Amino acid sequence: MRTIEVSDTVYQEILSRRKGRESISKTLERELMQSEIETDIKRLDADIARSKKTRNYSSAQVKKELGL
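According to the working numbering, the sequence shown is numbered sequentially starting from 637.
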């Protein structure tokens with residue numbers, strides 16, 4: 637395990653985010669995981685929005701256009 641130094645303000649913020657008697661390291665892990673999940677959700681939302689802007693074709697439409 638590593639040791640890091642943070643300001644008193646940051647330390648108090650970390651303590652305020654603890655759930656019950658959760659360790660500081662677990663609090664940091666949980667907060668970081670939530671941040672990563674939120675980032676992934678935002679990426680997916682952006683991908684979905686982009687895909688809705690493009691037109692989708694069924695395989696029958698593609699075959700018809702290609703003369704297959």
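C-beta: ideal position from N, C-alpha, C; glycine also. Source: prediction; values computed, not measured.
{"query": "At least 3 beta-carbon pairs within less than 8 Å: the region 679-687 vs the region 662-670", "result": "no"}
{"query": "TYR647: first and last residue of the uninterrupted alpha helix (DSSP H) it sits in", "result": "644-652"}
{"query": "Per-residue DSSP class, three states only, for LEU704", "result": "coil"}
{"query": "Residue of ILE660, VAL698, ARG686, SER652 minimising C-alpha distance to THR639", "result": "ILE660"}
{"query": "Euclidean distance between Cα positions of GLY703 and GLN697", "result": "10 Å"}
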